[in-house]
DNA sequence: TCTTGACCTTCCCATCATGTCAACCCCATA
DNA sequence: TATGGGGTTGACATGATGGGAAGGTCAAGA
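Residue numbers (the working numbering), protein chains in the order written: chain L, 1 to 141; chain F, 1001 to 1141.
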């Protein structure tokens, strides 16, 4: 049994000690064994679990998804369809967010190309943000 | 003087009353006039300011950028270069974030196509998240 | 005139994932 | 034994937004 401290577990997994404790507090990982002085000591299985979480987080999965994925990982009678469903939903979310950000970037980039970027105060970017809609008191989108 | 309540200002600008008060509390907009009973009443200029903020937020600008953009909007001796610089920096951030999310989506999508998605427990997605690295206690990547 | 419902006010708490900071305890080594 | 580098808990912050409670105010209908 190679038990390691939280610092060593952090270095082995790339998850900060703060986050390891946080995962424990929200029930994402089980509480590790403690020695008399109260120190947490992590087993190889604990390390594997932390690695799993870190990889899932690197793929952008939220904690709730990770919780379900961990449950499926442990459930040997799972169906891969369940896993795939979670993953596909997340892929759709990632693509939607990416597309939204890309669209913002596109729109703003168009404005910047129209902006001279010199010492003159005239700026199409500000014009677009503050159109002189005289008399109209509502935002037309 | 067409003064309107916070609800009407919200409907005119698409900014929730909650957020309007929040913008005031963090100094993003100036405090509007109040009547004896303490109710906020917004002028057409206030409405314009809120529209500006909403459009900037629709482009993903953080509050700090919006603060600077509002200052430049009011400064008639501004140079368009200052505005453009803020916008270009934000474009770069948007593109970077979009690319990051897209990369996550790509990686996960590749895994999902390899997953049968049937009743079998075997799943390449879980395999990728939990590689059987026997004996190795660290996360390789 | 009284009630009712819609609106206003302030203040606190929650999200999501992560970091910082402080106060304090424990242990090994120079 | 002093020092440094761990460990522990807890509180607070981010950024942008939402929810809700507790209480004051206003306008319209009975």
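Using N, Cα and C, we set each Cβ at its ideal position, and we do this for glycine too.
Being a predicted model, the structure only gives us computed values, none of them experimental.
{"Asked": "Boundaries of the alpha helix (DSSP H) in which residue 1048 (chain F) is found, first to last residue", "Found": "1044-1058"}
{"Asked": "C-beta contact flag for residue 108 (chain L) and residue 1090 (chain F) at 9 Å", "Found": "yes"}
{"Asked": "Chain-ordered chain L contacts of residue 1052 (chain F) [CB-CB under 8 Å]", "Found": "129, 130"}
{"Asked": "Reduced DSSP category for residue 77 (chain L) - H, G, I as helix; E, B as strand; rest coil", "Found": "coil"}
{"Asked": "Classification of residue 1120 (chain F) by the beta-carbon crowding that lies within 10 angstroms, buried from 16 upward", "Found": "exposed"}
{"Asked": "is_contact[residue 35 (chain L), chain F] using C-beta, thresh 9 Å", "Found": "no"}
{"Asked": "Cutoff 9 Å: residue 85 (chain L) Cβ touching any chain F Cβ", "Found": "yes"}
{"Asked": "Any C-beta of chain L under 9 Å from that of residue 1122 (chain F)", "Found": "yes"}
{"Asked": "Residue 1033 (chain F) - DSSP class collapsed to helix/strand/coil", "Found": "strand"}
{"Asked": "CB of residue 1063 (chain F) within 9 Å of CB of residue 1028 (chain F), strictly", "Found": "yes"}
{"Asked": "Test item: CB-CB of residue 1115 (chain F) and residue 80 (chain L) under 9 Å", "Found": "yes"}
{"Asked": "Residue-chain proximity (residue 25 (chain L), chain F), Cβ-Cβ < 9 Å", "Found": "no"}
{"Asked": "Rounded separation between residue 126 (chain L) and residue 1052 (chain F) - CA only", "Found": "9 Å"}
{"Asked": "Chain L contact residues for residue 1105 (chain F), given Cβ-Cβ distances below 7 Å", "Found": "91, 94, 95, 98"}
{"Asked": "Three-state secondary structure assigned by DSSP to residue 1083 (chain F)", "Found": "helix"}
{"Asked": "The ligand NAD heavy atom lying under 8 Å from the CB of residue 1022 (chain F)", "Found": "Ligands in the displayed structure: none, and consequently the ligand NAD is not present."}
{"Asked": "Which residues DSSP lists as bridging residue 1041 (chain F), in chain order", "Found": "F:1033"}
{"Asked": "Below-9 Å beta-carbon distance, residue 1016 (chain F) vs any chain L residue", "Found": "no"}
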